[in-house]
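Participant:
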Amino acid sequence: MSVDEDARWLEWITKQFESIAGEDKEIDLEEFKTALKVKEAKRFFALFDSDGSGSISLDELLKALNLLIHGNETDKLRFLFQVYDVDGSGSIDPDELRTVLKSCLRESAISLPEEKLDDLTLALFESADKDNSGSITFEELKEELENFPEVMENLTISAANWLKPPDIHKKRRHTPRYLTQAYWQNNFRKLLFMCCYICLNILLFTFAALRHTTSGFWVMVAKGCGQCLNFNCTFIVILMLRRCLTWLRATWVVRVFPLDQYVILHQLVGYAMFGLTVVHTGAHIINFVLLTQSVSSFHLWEYLFTTRPGIGWVYGTASITGFILQFLICMMLICSSTFVRRSGHFEIFYWTHLCYIWVWALLVIHGPNFWKWFCVPGFVFLLEKIVGIAVSRMGGLYVVEVNLLPSKVTHLVIRRPVFFNYKPGDYVYINIPVIAKYEWHPFTISSAPEQHDSLWLHIRSMGQWTNSLYEYFRQPEPMSNKPKRLTTNLRNRQHQKCTQLSTKLNENHRFCNIKCYVDGPYGTPTRRIFTSEHAVLIGAGIGITPFASILQSIMYRYRMRKLNCPNCNYSWCENLKDNEMKLRKVDFIWINRDQKSFEWFVSLLTKLEMDQADEEPEGRFLEMHMYMTSALCKNDMKAIGLQMALDLLAKKENRDSITGLRTRTQPGRPDWSKVGD
């Protein structure tokens with residue numbers, strides 16, 4: 008913290024204290040928890056209560072905090088030592104250290120066996136106890152901390168950071184992201200495209216409005232919005248042509264148009280359609296009101312809800328179809344909002360979005376010119392759908408193996424058709440009739456293209472369909488459906504198909520033959536990853552499934568280039584550049600909330616580490632960086648000992664205690680300024 012921030016924090020503490028303290032101007036333990044919002048309040052309370060009275064005065068509190076802020080390095084180390092010296096004996100014994108480390112693990116949401124906790128305690132204790140006296144003195148702790156420069160650096164910044172609750176950090180005023188130079192550079196194509204899109208809509212509105220100047224202002228507004236709707240309702244069809252967009256990604260078009268942002272553009276066009284329909288409908292209603300007040304012989308309700316006025320090119324149905332269209336578009340917009348899709352109700356989004364078929368049909372009836380805009384894109388869309396249905400029904404796809412992984416992740420292994428070709432990071436739509444006969448859901452392929460016999464999908468249970476999938480395979484099978492042992496072995500050897508006949512290998516792993524349909528693959532921006540020399544892959548939680556495919560593909564290509572000397576065991580990798588593989592360095596950053604979120608992907612990462620184990624550090628092109636946000640950071644006083652213990656044990660065992668990988672899991676979030684250095 009800066010000097011100004013320290014002063015503001017002390018001012019905040021003073022106000023908190025004065026608002027909570029009673030007439031005696033002192034606070035007890037419970038009031039201390041409320042005032043300072045410190046997790047380990049009891050230990051800090053005892054340290055601040057210098058006279059042992061069972062309460063803290065404002066002078067005692069400010070004196071201790073001033074020492075932490077303005078004290079020298081030794082003062083701050085002394086306070087840290089007192090945190091670990093639970094009984095106040097002037098030394099830290101193994102049991103005291105274990106107690107504090109156990110508390111840190113609990114606060115960090117890290118679950119370790121008791122034996123591993125003992126190993127952590129002994130690793131730190133044996134390293135710090137230089138004279139083997141059975142206890143750690145202040146001088147020994149100070150000497151041990153000097154071996155961890157980053158800890159000493161945190162001490163010199165301000166020890167008050169250890170106590171400062173995160174919610175009172177004042178948010179600094181930053182320039183809005185959309186106004187920064189970096190944003191404009193990174194999104195230049197999208198912004199240029201959006202400018203052209205807006206200009207085109209303005210031109211369409213203007214030309215259409217000018218053709219109806221004699222009909223009045225509100226008719227001009229309605230006709231202008233109607234022409235813009237003709238364009239937007241057609242353009243949104245183009246943004247749904249996933250096969251065409253996947254093909255265009257392999258051409259020069261991807262360097263001109265923002266094809267990678269087609270989902271964002273689809274959403275923006277949807278919002279534009281909603282706004283235009285509201286203005287279009289409102290302008291017509293106002294015009295009908297004006298007509299009923301002048302020369303018209305029809306009432307307002309006749310204009311709005313009947314065909315008597317004869318408005319529209321198909322039996323005067325413009326008003327009726329207009330209201331239905333307004334309702335459908337509004338419903339689709341609401342049901343496609345993030346809160347619906349991410350709250351476990353994806354099916355609501357899925358089924359309401361299928362109303363686009365009715366929207367297009369009603370638009371053809373409603374607007375006399377819409378069919379002219381729609382005929383070509385609509386034909387291509389229909390062709391894509393026919394091709395998709397045909398492809399999904401070919402090949403006789405079956406789910407042949409299922410693994411239920413931690414964090415409610417379902418790993419499906421699907422027999423891969425010979426004709427099914429895809430790129431790393433691509434996704435597919437899958438339909439499993441035994442789960443839901445008519446529902447198709449998109450998931451990223453997590454296996455590498457070089458894996459010719461099967462497709463992998465890792466599916467996190469977050470909604471109705473995904474939860475049904477997980478529960479379907481989690482339920483034990485009836486005894487009558489279990490095959491005999493020899494039958495099982497024979498089927499496993501020969502991979503014979505027995506539809507919906509499953510053999511459970513253990514509680515979370517089974518072989519099966521369950522019919523499924525796959526539509527795809529469809530491309531993503533990750534297709535171009537191999538054309539760059541240095542790639543930084545950043546994922547959080549289940550969002551790393553595209554990188555599972557990419558990392559495996561990288562290692563397959565790496566093995567293909569690996570050469571072995573015929574006269575000795577020395578091996579190396581050819582350092583050749585070509586159009587297929589320009590990649591020379593990959594930084595893989597995975598951020599998770601808790602320890603369990605790492606478990607489902609650890610086996611693959613372990614395999615990747617083993618592939619590079621024999622390489623010299625400078626020859627390893629894949630660097631992994633693991634972060635756990637629930638873990639106490641190194642600038643938290645209690646966490647200093649825990650992170651030191653984890654570092655020491657990882658160095659001793661050559662394995663991280665949290666994930667089991669060789670890569671050390673770091674607490675908190677990445678320092679983005681140092682990524683890729």
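If you read the sequence shown in the working numbering, its first letter stands for residue 8, the second for the next number, and so on.
Glycine residues also receive a C-beta, built at the ideal position from the N, C-alpha and C atoms.
#1: Could you give the first and the last residue of the continuous beta strand (DSSP E) run that contains Val406?
#2: May I have the straight-line CA-CA distance separating Ser429 from Ile372, to the nearest angstrom?
#3: Thinking C-beta only, is Leu252 closer than 7 Å to Leu275?
#4: Buried or exposed: where does Val525 fall if 16 or more other Cβ atoms within 10 Å of its Cβ makes it buried?
#5: Which residues mark the beginning and the end of the alpha helix (DSSP H) in which Ile466 is found?
#6: Could you tell me whether the segment 409-419 touches the segment 515-529, using the rule of 3 or more Cβ pairs below 8 Å?
#7: In this structure, how does DSSP classify Pro553 when only helix, strand and coil are distinguished?
#8: Tell me where the alpha helix (DSSP H) around Cys362 begins and ends.
#9: Am I right that Tyr434 and Tyr529 are in contact with their C-beta atoms under 8 Å? What's the rounded C-beta distance?
#10: Rank Pro424, Ser414, Trp259, Ile396 by C-alpha distance to the C-alpha of His465 and give the top, closest one.
#11: Is any beta-carbon of chain B found at less than 7 Å from that of Met469?
#12: What does the alpha-carbon distance come out to for the pair Asp654 and Ala547?
#13: Given this structure, state the Cα-to-Cα distance separating Glu660 from Met617, to the nearest angstrom.
#14: Going by DSSP in three states, Pro674 sits in which element: helix, strand or coil?
#15: What does a CB cutoff of less than 8 Å around Ser475 pick up in its chain, not counting 5 residues either side in sequence?
#16: Return the bridge partner residues of Val593 from the DSSP annotation.
#17: Mapping DSSP to helix, strand and coil, what is Pro490?
#18: Would DSSP call Leu512 helix, strand or coil?
#19: Please identify the residue among Pro431, His448, Arg564 whose C-alpha is closest to the C-alpha of Asn438.
#20: Applying the 10 Å Cβ sphere with the 16-neighbour rule, what's the burial state of Ile117?
#21: Just the Cα atoms here: how many angstroms apart are Asp663 and Pro101?
#22: Grab me the residues of Leu283's own chain with a C-beta within less than 6 Å of its C-beta, minus the 5 sequence neighbours each way, in chain order.
#23: Would you give the residue range spanned by the alpha helix (DSSP H) that Asn154 belongs to?
#24: Name the DSSP bridge partner or partners of Arg196?
#25: Does the distance from the CB of Leu332 to the CB of Leu369 come in under 7 Å?
#26: Where in the segment 97-126 do unbroken runs of the alpha helix (DSSP H), each at least 4 residues long, occur, reported from the N-terminal end onward?
#27: Keeping to the same chain, check which residues put their C-beta closer than 8 Å to that of Met338; ignore five residues upstream and five downstream.
#28: My output table needs one value for Gly319: the three-state DSSP class, helix, strand or coil.
#29: Among the residues of its own chain, which have a CB less than 6 Å from the CB of His291, if the five just before and after it don't count?
#30: Between the segment 629-638 and the segment 93-100, are three or more C-beta pairs nearer than 8 Å?
#31: In terms of alpha-carbon separation, which member of Thr288, Thr299, Leu217, Tyr436 lies closest to Gly395?
#32: Closer than 6 Å by C-beta to Gly317: which residues in its own chain qualify, once you throw out the five before and the five after it? Chain order, please.
#33: Throw me the rounded Cβ distance for the Phe132 and Leu68 pair, which I believe falls under 8 Å.
#34: Which one of Tyr269, Gly385, Ala71, Arg348 has the shortest CA to CA distance from Arg249?
#35: Just confirm the distance between the C-beta atoms of Thr552 and Phe480, as a whole number of angstroms; I'd bet it's less than 8 Å.
#36: Among the residues of its own chain, which have a CB less than 7 Å from the CB of Thr494, if the five just before and after it don't count?
Facilitator: According to the structure data:
#1: 405-412
#2: Reading off the sequence shown, one finds Tyr at residue 429, where the question assumed Ser. Tyr429 and Ile372: Cα-Cα distance of roughly 40 Å.
#3: no
#4: buried
#5: Segment 461-467 is the beta strand (DSSP E) holding Ile466; no alpha helix (DSSP H) there.
#6: yes
#7: helix
#8: For Cys362, there is no enclosing alpha helix (DSSP H), as DSSP gives it neither H nor E.
#9: 6 Å
#10: For the residues Pro424, Ser414, Trp259, Ile396, the minimum Cα distance to His465 belongs to Ser414.
#11: Protein chain content of the structure displayed is limited to a single chain, and chain B is not contained in it.
#12: 23 Å
#13: Between the C-alpha atoms of Glu660 and Met617 there is a straight-line separation of about 15 Å.
#14: strand
#15: Within its own chain, the residues whose Cβ lies closer than 8 Å to the Cβ of Ser475, once the five positions on either side in sequence are excluded, are Ile442, Ala443, listed in chain order.
#16: According to DSSP, Val593 shares a beta bridge with Ala542, Leu629.
#17: Any reading at Pro490 must be qualified, since the residue scores a pLDDT of 47, below 50, and its modelled position is unreliable; the value itself is stated next. Coil at Pro490, not helix or strand.
#18: Caution is warranted here: a pLDDT of 47 is assigned to Leu512, below 50, making its placement in the model unreliable, and no coordinate value can be reported.
#19: The residue from Pro431, His448, Arg564 with its alpha-carbon nearest to that of Asn438 is His448.
#20: buried
#21: 22 Å
#22: Cys232, Cys235, Leu236
#23: Taken as a continuous stretch (DSSP letters only), Asn154 belongs to no alpha helix (DSSP H), as it is neither H nor E.
#24: Answer is none; Arg196 lacks a bridge partner.
#25: With a cutoff of 7 Å on beta-carbon distance, Leu332 and Leu369 are scored as near each other.
#26: 101-114
#27: Thr359, Cys362
#28: coil
#29: Ala229
#30: no
#31: Tyr436
#32: Gly323
#33: Wrong, their Cβ atoms sit about 32 Å apart, outside the cutoff.
#34: Tyr269
#35: In fact, because the Cβ distance is near 18 Å, the residues do not count as touching under 8 Å.
#36: For Thr494, the pLDDT reaches just 45, beneath the cut-off of 50, and the residue's location in the model is therefore unreliable, although a value from the coordinates is still provided. Within the same chain, Thr494 has no close Cβ partners at all.
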